[in-house]
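Trainee:
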Amino acid sequence: MKTYTIRLDNQFFELLENLSKKTRSPKSLVVKKALLLYKREIEKQEMLKNLLESAKELAEDPQNLKDIEELEGTISDGIS
Numbered sequence: 425m426k427t428y429t430i431r432l433d434n435q436f437f438e439l440l441e442n443l444s445k446k447t448r449s450p451k452s453l454v455v456k457k458a459l460l461l462y463k464r465e466i467e468k469q470e471m472l473k474n475l476l477e478s479a480k481e482l483a484e485d486p487q488n489l490k491d492i493e494e495l496e497g498t499i500s501d502g503i504s
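Residue numbers for the sequence shown follow this note's numbering, beginning at 425 and rising by one.
(1) Output the distance between the C-alpha atoms of L443 and I430, rounded to the nearest integer angstrom.
(2) CA-CA distance, L439 and Y462?
(3) Since I believe T447 is in contact with V454 (beta carbons under 8 Å), could you give me their beta-carbon distance rounded to a whole number of angstroms?
(4) Between N488 and L482, which are expected to be in contact by the criterion C-beta below 8 Å, what is the C-beta distance as a whole number of angstroms?
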């Protein structure tokens, strides 16, 4: 395990202390959980950005819309 020292202004220091007391967890665990939540949020934002870019690319190419319509037709034809 590594040790890392950070400087916090009073507001964040008090927040860390309060969360640590409230959850009865060591401050290091509070920081770890906060980092994991932040990482997850960044990953969600990246996924959403990629999804929106893909949707935009699909919408810009008329052939893609034709392909989608053809696929939708095969879904309703009753063949499994």
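Ideal placement from N, C-alpha and C gives every residue a C-beta, glycine not left out.
Mentor: Let me lay it out:
(1) 17 Å
(2) 16 Å
(3) 7 Å
(4) 5 Å
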